[in-house]
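Numbering (the numbering used here), first residue to last: 5 to 223.
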Amino acid sequence: MNRKENFTAGFIRENPVFSLYLGLCSTLAITTSLNNAIGMGVAVIAVLIMSNVIISLIRNITPSEIRIPVYIVVIATLVKVIQMLIKAYAPSLDTALGVFIPLIVVNCIILGRAEAFASKNGVLDSALDGLGMGLGYTLSIVVMSSIRQILATGVLSFDNPFTAAQNIFSIRILPEDFIISIFSQPFGAFCTFACLAAGLAAYKAHKEKKEKAMQKEAK
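Here you go:
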């Protein structure tokens, strides 16, 4: 797999949310608004890149018997730093995301990439893998949040995470009479996730079928 394929794998083929089904607890819980999705996405991207780079750097000096505890210590330290920065500079985001920021430590995406990729590859490739997977995760939760926010409130809005009182944009898409408030509840999260995951699976199956047909024609 070349670097371009490695970087883009997290978008569709190995999308951490809709293909690998990783990190679903936080995904289903925080995707009620665009603010939450972007805040969590940026935090996960930062932790993924930094943890992959550090673990790649120490992979040759880390005994295999204790590699998982070492990975967790690295990830936990990075998450704590990110949490402290969010508390200091974006308190409204910290309040909205709550316990899900420290739970990034046990997010299967972070530990999974550390074990499956960063521990076996160089620094640059590991950083690209972290960025690609982080962007894939962020794209997934942004799409989910946008759908749920629009259906539940009829409005797609985004506030400045550093100044909660400042609204960057607010667009009414659905009239108030057509909103479906249940999409702000857990049922809405599961329903949105199921539809998007099924859609991506159907797209991948169609693409695979098309590629096989082209290979047969080439023969």
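From the three backbone atoms N, C-alpha and C, an ideal C-beta is built for every residue, glycine too.
Just so you know, the alpha carbons of Thr-167 and Ala-94 end up roughly 7 Å apart. DSSP links Val-57 through a beta bridge to no other residue.
For Ala-50, same chain residues with a beta-carbon under 7 Å away, outside a window of 5 residues either side, are Ile-86 in chain order.
For the pair of segments examined, the segment 125-134 was found not to touch the segment 65-76: the number of CB pairs separated by less than 8 Å stays below three. The criterion of a C-beta distance shorter than 9 Å is not satisfied by Phe-182 and Met-148. Asp-163 and Gln-219 have their C-alpha atoms spaced approximately 49 Å apart.
C-alpha of Lys-208 to C-alpha of Val-74: approximately 36 Å in a straight line. Just measuring C-alpha positions, the residue of Val-57, Pro-106, Gln-170 sitting nearest Lys-124 is Val-57.
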